[in-house]
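Novice:
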Amino acid sequence: MIRRYFSLLVGILALALLIPTVVEACPSCKTIDDPIVQGFKWSILFLMAMPYIVSGLIGGSVFYVYYCTHRAGNRKPPSNVKGV
Amino acid sequence: MNELEHTSYEQAEGESRPISNARLAVLVLLGAEIMFFAGLIGTFLVFRLGSVTWPPPSQADVRLPIGVTGLNTIVLLLSGYTMFQGLRAIRQGRQKELRNWLFATGLLGITFLVVQGSEWIRLVHHGFTLSSGVYGSVFYVLIGCHALHVLVAVLWLLVVFAGAIAGRFSMNRYVSVEVCAIYWAFVVVLWPLLYILVYLI
Chain Z
1 MIRRYFSLLV GILALALLIP TVVEACPSCK TIDDPIVQGF KWSILFLMAM
51 PYIVSGLIGG SVFYVYYCTH RAGNRKPPSN VKGV
Chain V
85 MNELEHTSYE QAEGESRPIS NARLAVLVLL GAEIMFFAGL IGTFLVFRLG
135 SVTWPPPSQA DVRLPIGVTG LNTIVLLLSG YTMFQGLRAI RQGRQKELRN
185 WLFATGLLGI TFLVVQGSEW IRLVHHGFTL SSGVYGSVFY VLIGCHALHV
235 LVAVLWLLVV FAGAIAGRFS MNRYVSVEVC AIYWAFVVVL WPLLYILVYL
285 I
């Protein structure tokens, strides 16, 4: 069941990518040549990417610590559990 | 609860967790801080890319102290190095070295703040203030927020330094030093990005 929904989702995304449409990050900006539009566009793209970067950094850090702890095996307790 | 019991309790609690609560908390805090600065940088991008000329014509005579701030950037990067060395020292149980490295880090952090403050005073005397249009607002808010974070980091470092003098840290107990080092690394890594954005571009 999950696989079917996943296939459907991938199919919809692939279909959306096949439809050539010009889109703007700033929907209320009409004139592309205006510098302020470029400012809004890059600002929105930057802010849109940040949550993913932050999530990736936190997730990556947790995974890295977990990986390092388990790579060391159970010979000694993980260093992160000790401290004040 | 003595140290042995304390460590055993934390060890039993922590073995089921991939990361300690203190580390996770500081990472989440930094996530919020990154989003906060992302908002400010996003605002800067709107004004910077939205202007044909930068600085705006009304502020064309303003000259930011690029050279001095560049040297100050090196000071802050050096403080990141000394903080890292302090963390490495306590991981190997060298308490005296930890104190020395923390002292050096604090000194470099205070130097950074003093230089920033003196440059701000000079700019204000030249008539470049927070109300000097978009340019002044963006500059003082963005750089001021970072300076405020450095100030908080220095205060945090002083608390950790007091703990180091009191001998509260050892090679088995250094989480306080570590989370402070993570926060310090954040303010150090963020600064070159802000310097390039605000001073150089």
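Quick note, the sequences are listed as chains Z and V, same order.
Here the first sequence is numbered in the numbering used here, starting from 1 and rising by one per residue.
Here the second sequence is numbered in the numbering used here, starting from 85 and rising by one per residue.
Quick reminder that beta carbons are idealized off the backbone N, C-alpha and C, glycines included.
The structure displayed is predicted, hence computed values, not measured ones.
Locate the alpha helix (DSSP H) running through G201 (chain V), then write down its first and last residues.
Specialist: Position 117 of the second sequence, counting from 1, holds the residue named residue 201 (chain V). Its alpha helix (DSSP H) spans residues 179-209.
Novice: For A265 (chain V) and G190 (chain V), I'd like the C-alpha separation in whole angstroms.
Specialist: Numbered from 1 along the second sequence, position 181 holds the residue referred to as residue 265 (chain V). Numbered from 1 along the second sequence, position 106 holds the residue referred to as residue 190 (chain V). Roughly 12 Å separates the two Cα atoms.
Novice: Going by DSSP, name the residue or residues bridged to S254 (chain V).
Specialist: By 1-based counting over the second sequence, the position of residue 254 (chain V) is 170. Answer is V:R257, bridged to S254 (chain V).
Novice: I want to verify the contact list: residues of chain V whose CB lies under 8 Å from the CB of M50 (chain Z), in sequence order.
Specialist: Counted from its first residue, the first sequence places residue 50 (chain Z) at position 50. Under the 8 Å cutoff, chain V gives I118, M119, A122.
Novice: Name the residues in the region 123-139 of chain V whose C-beta lies less than 9 Å from a C-beta of chain Z; which are they?
Specialist: G123, I125, G126, T127, F128, L129, V130, F131, R132, L133, G134, S135, V136
Novice: Within 8 Å of any Cβ in chain Z, is that where the Cβ of I103 (chain V) sits?
Specialist: Residue numbering aside, residue 103 (chain V) sits at position 19 when the second sequence is read from its first letter. Taking Cβ atoms only, chain Z reaches closer than 8 Å to I103 (chain V), which makes this a yes.
Novice: Pick helix, strand or coil for P149 (chain V), following the three-state DSSP scheme.
Specialist: Reading the second sequence from its first residue, position 65 is the one you call residue 149 (chain V). Coil, per DSSP.
Novice: I need the straight-line Cα distance from L287 (chain V) to Q143 (chain V), nearest angstrom please.
Specialist: Outside the displayed range of chain V (85 to 285) lies residue 287 (chain V), so it cannot be described from this structure.
Novice: DSSP on A59 (chain V), reduced to helix/strand/coil?
Specialist: Residue 59 (chain V) lies beyond the residue range present for chain V, which begins at 85 and ends at 285; the question has no answer from this structure.
Novice: For F40 (chain Z), decide whether its Cβ has a neighbour in chain V, counting only Cβ atoms nearer than 8 Å.
Specialist: Numbered from its first residue, the first sequence carries residue 40 (chain Z) at position 40. Yes, contact with chain V.
Novice: Which same chain residues end up closer than 7 Å to R175 (chain V) when comparing Cβ atoms and leaving out the 5 residues on each side of it in sequence?
Specialist: Against the second sequence, residue 175 (chain V) aligns to sequence position 91. Hits under 7 Å: M255, Y258.
Novice: Over what stretch of residues does the alpha helix (DSSP H) that includes S43 (chain Z) continue unbroken?
Specialist: Along the first sequence, read from residue 1 onward, the residue named residue 43 (chain Z) stands at position 43. From DSSP, the alpha helix (DSSP H) with S43 (chain Z) extends over 35-71.
Novice: Starting from the Cα of Y224 (chain V), find the closest Cα among V:V159, V:V130, V:V282, V:P140 and give me that residue.
Specialist: Within the second sequence, the letter at position 140 stands for residue 224 (chain V). Checking every option, the nearest Cα to that of Y224 (chain V) belongs to V:V282.
Novice: On the CB-based measure, 16 or more other CB atoms within 10 Å of its CB, does M82 (chain V) come out buried or exposed?
Specialist: Nothing can be reported for residue 82 (chain V), as the shown portion of chain V is limited to 85 through 285.
Novice: Compare the C-alpha of T334 (chain V) against each of V:F128, V:V159, V:A173 and name the closest.
Specialist: What is shown of chain V runs 85 to 285, which leaves residue 334 (chain V) out entirely.
Novice: Taking three-plus beta-carbon pairs below 8 Å as touching, is the region 197-210 of chain V in contact with the region 117-126 of chain V?
Specialist: no
Novice: I need the straight-line Cα distance from L154 (chain V) to G193 (chain V), nearest angstrom please.
Specialist: Here residue 154 (chain V) is taken as the residue at index 70 of the second sequence, counted from 1. Here residue 193 (chain V) is taken as the residue at index 109 of the second sequence, counted from 1. Note on identity: in this sequence residue 154 (chain V) is Gly, with Leu being the wrong assignment. Looking at the two C-alpha atoms, the distance is approximately 15 Å.
Novice: Quick one: does G115 (chain V) have its CB under 8 Å from some CB of chain Z?
Specialist: The residue labelled residue 115 (chain V) in the question sits at position 31 within the second sequence. Cβ-Cβ to chain Z under 8 Å: yes for G115 (chain V).
Novice: Ordered along the chain, which non-local residues of its own chain (more than five positions away) have a Cβ less than 6 Å from that of R183 (chain V)?
Specialist: Residue 183 (chain V) sits at position 99 when you count from the first residue of the second sequence. The residues are A248.
Novice: Going along chain A, which residues have a C-beta under 9 Å from L111 (chain V)?
Specialist: This model lacks chain A altogether; the protein chains it does include are Z and V.
Novice: Here's the rule I'm using: 16 or more other beta-carbon atoms within 10 Å means buried, otherwise exposed. How should H230 (chain V) be labelled?
Specialist: The residue labelled residue 230 (chain V) in the question sits at position 146 within the second sequence. The residue in question, H230 (chain V), is buried, as its Cβ has 16 or more Cβ neighbours within 10 Å.
Novice: Express the C-alpha separation of S202 (chain V) and H70 (chain Z) in angstroms, rounding to a whole number.
Specialist: Translated into the one-based positions of the first sequence, residue 70 (chain Z) becomes position 70. Translated into the one-based positions of the second sequence, residue 202 (chain V) becomes position 118. Whole-angstrom Cα-Cα distance: 49 Å.
Novice: Sort V:Y165, V:R178, V:G126, V:A188 by Cα distance to F270 (chain V) and report the nearest one.
Specialist: Within the second sequence, numbered from 1, the residue matching residue 270 (chain V) stands at position 186. If you compare the alpha carbons of V:Y165, V:R178, V:G126, V:A188 with that of F270 (chain V), the shortest gap goes to V:Y165.
Novice: CB-CB under 8 Å to F187 (chain V), same chain, minus the five flanking residues each way: which ones, in chain order?
Specialist: Locating residue 187 (chain V) in the second sequence gives position 103, where the first residue counts as 1. Cβ neighbours of F187 (chain V) beyond the five flanking positions: F245.
Novice: Could you give the DSSP three-state label for F121 (chain V): helix, strand or coil?
Specialist: Working through the second sequence from its first residue, we reach residue 121 (chain V) at position 37. Of the three classes helix, strand and coil, the one that applies to F121 (chain V) here is helix, per DSSP.
Novice: Span of the alpha helix (DSSP H) holding Y283 (chain V)?
Specialist: Sequence index remark: in the second sequence, residue 283 (chain V) carries index 199 (1-based). Run containing Y283 (chain V): none; DSSP gives neither H nor E here.
Novice: Identify the continuous alpha helix (DSSP H) that holds S7 (chain Z) and give its terminal residues.
Specialist: Your numbering for residue 7 (chain Z) matches position 7 in the first sequence. Counting along the chain, the alpha helix (DSSP H) containing S7 (chain Z) begins and ends at 2-18.
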